[in-house]
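K.L.:
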Amino acid sequence: MEHEIGINEPTQRWLTSAQARRYVGIKSVKTWNKVFRPNLNAYKLLNSSTRYDRLEIDEMILNGNNK
10 MEHEIGINEP TQRWLTSAQA RRYVGIKSVK TWNKVFRPNL NAYKLLNSST RYDRLEIDEM
70 ILNGNNK
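Under our numbering, the residue at position 19 of the sequence shown is numbered 28, and the numbers go up by one with no gaps.
(1) Can you find the residues in the same chain that come closer than 6 Å, C-beta to C-beta, to Y52, ignoring five residues on each side of it along the sequence?
(2) What do you get for N48, buried or exposed, if any count of 16 or more other CB atoms within 10 angstroms of its CB means buried?
(3) Can you list, in chain order, the residues of its chain whose CB lies under 7 Å from that of H12, leaving out five sequence neighbours each side?
(4) Can you list, in chain order, the residues of its chain whose CB lies under 7 Å from that of L24, leaving out five sequence neighbours each side?
(5) Alpha carbons only, please: which of Q21, F45, L55 and N56 is nearest the one belonging to N72?
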């Protein structure tokens, strides 16, 4: 599936929590923690903080699992 890149969208696959919130357009950490975080896998990449997979976020949004 081809993904169009918007102006503010990161092009990398692994996103920090702040980048992931911006990617989905959520400013509130509370909303992110309640709606998205429980449904996503968190990955600890070598020598970095916890990251989220942009492809999982896309799939979650497409399937409507973010309600």
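Glycine included, C-beta positions come from ideal geometry on N, C-alpha and C.
P.N.:
Taking the geometry as given:
(1) The sequence position of residue 52 within the sequence shown is 43, counting from 1. For Y52, where only same-chain residues beyond five positions count, the Cβ hits under 6 Å are R60.
(2) Your numbering for residue 48 matches position 39 in the sequence shown. When all chains shown are included, N48 counts as exposed.
(3) Here the question's residue 12 lines up with position 3 in the sequence shown. Unreliable positioning characterises H12 in this predicted model, as indicated by a pLDDT of 49, which lies under 50. A coordinate reading is not provided.
(4) Taking the first residue of the sequence shown as 1, we reach residue 24 at position 15. Cβ neighbours of L24 beyond the five flanking positions: Y32, R60, Y61 and R63.
(5) The sequence position of residue 72 within the sequence shown is 63, counting from 1. Checking every option, the nearest Cα to that of N72 belongs to F45.
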